[in-house]
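First up is the structure itself, then whatever we jot down about it.
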Amino acid sequence: MFKRTLKRKTVCAGYGLHTGEFSRIVIHPGSERDSILFVKKVGNVLRYLPLRSSRVKSTMFATTIGNDDFTVLTVEHLLSALHGFGVDSAIIEVEGDEVPGGDGSASLFADAILDAGIFTLTAKKENILIETPLKVEHNTGYIEYSPASTLVIDGVIDFNHPRILRQHYTYHNSPEHFYSELAKARTFGFLKDYATMQSLGLAKGSSMENTVVLDEKEVMNADGLRFQDEFVRHKVLDMLGDLYTLGSPLKGHITSYKSGHALNHIFVNKIAALMEKKALSHQQALQPALVFTV
Ligand SMILES: [Zn+2]
């Protein structure tokens, strides 16, 4: 019902999954009027990057946001934690080019948010609700949306790998469900793709400390998996983060098949375009009244 922020600031630090460089973020409490705002000191000047779907610059193996002033890589796990805990007012100070990777899940951010505590503001949440069902497709994947009063994500993945195959997971967005069922699901990668990713300048910080690695047949991490269906849970975690690039929480029932950052972004853009249309028609509807009062 009401906007939520943190009780006090909290710090997350560590190596980035893709750059491999050390970075730090400070999540500061926001005010009634704030949404999610990234801030970075460039030279001696503070630069601002409000979270918007139009600020997504890349969806290749991670979600990168940016404007003319700065870019931030791999924001999805942080955004997923903010979305999961319903935090919609926060100022995120960034030091470095990438959000810290933690253990490849959203645990680093979820624990930091829980440690800082949640503060409920008096301003009402600005939820996004689209009244009509819609569907977007990309390659062999798709996302279907239908209106609902809460956010539910039904995720299905289908990998031609003996340890993954077809997995289905249903997520009902709430802080409790997020923390116990989703936050700990780690990112995963295939050993055969590692060289390609490295040649693209990606995955420089990834290791078995922060990624579930699969060879042709098996999970290579000595401790195995955290959940039997950790793979699909992580895909849902990613989607929850990518949805937050809308800048406000979306309500609805989402069914996704083979989702990834690129497909998530196509869906988010579609929603953003519908919101813009709605805002324009709302403005047009207001026009005669404004003329009348003059
Ligand atoms: Zn991820």
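Numbering (my numbering), first residue to last: 24 to 317. Beta carbons: idealized from backbone N, C-alpha and C, even for Gly. Bear in mind the structure is a predicted one, so any value in this text is a computation, not a measurement.
By a C-beta neighbour count over all protein chains shown, 10 Å radius and 16 as the cutoff for buried, is residue i buried or exposed?
i	result
D111	buried
L223	exposed
A139	buried
K145	Sequence check: residue 145 is Thr here, not Lys. When all chains shown are included, T145 counts as exposed.
G66	exposed
T28	buried
L225	buried
Y71	exposed
N183	exposed
Could you tell me whether any non-hydrogen atom of ligand 1 is closer than 8 Å to the CB of residue i?
i	result
D99	Here the sequence assigns Glu to residue 99, which means Asp is not the residue at that position. Yes; taking the cut-off as 8 Å, the Cβ of E99 has a heavy atom of ligand 1 nearer than that.
H257	yes
A206	no
T278	no
L248	no
L266	no
Got a sec, what are the start and stop residues for the alpha helix (DSSP H) residue i sits in?
i	result
F132	130–139
D265	253–266
G164	First-last for G164: 164–169, but that is the beta strand (DSSP E), not the alpha helix (DSSP H).
L214	214–222
A104	99–107
Could you check how far apart the C-beta atoms of residue i and residue j are, in whole angstroms? I think they sit under 8 Å.
i	j	result
I50	A129	Going by Cβ atoms, the distance from I50 to A129 rounds to 13 Å, so no, they are not a contact pair.
G124	L248	So it is not a contact: roughly 19 Å between Cβ atoms.
V242	R186	6 Å
L105	Y267	6 Å
K274	A171	6 Å
Across which residues does DSSP place residue i in a beta bridge pair?
i	result
D177	T193, T278
S46	G37
I187	According to DSSP, which records beta bridges pairwise, I187 is partnered with nothing at all.
K63	R70
S81	T87
A113	P52, I59
L303	Looking at the DSSP assignment, L303 forms no beta bridge with any residue, so it has no partner.
What are the boundary residues of the beta strand (DSSP E) that includes residue i?
i	result
G270	Premise fails: G270 is in no beta strand (DSSP E) and is neither H nor E.
Is the Cβ of residue i closer than 9 Å to any Cβ of chain B?
i	result
K258	Going by chain labels, chain B is absent from the structure shown, which holds only one protein chain.
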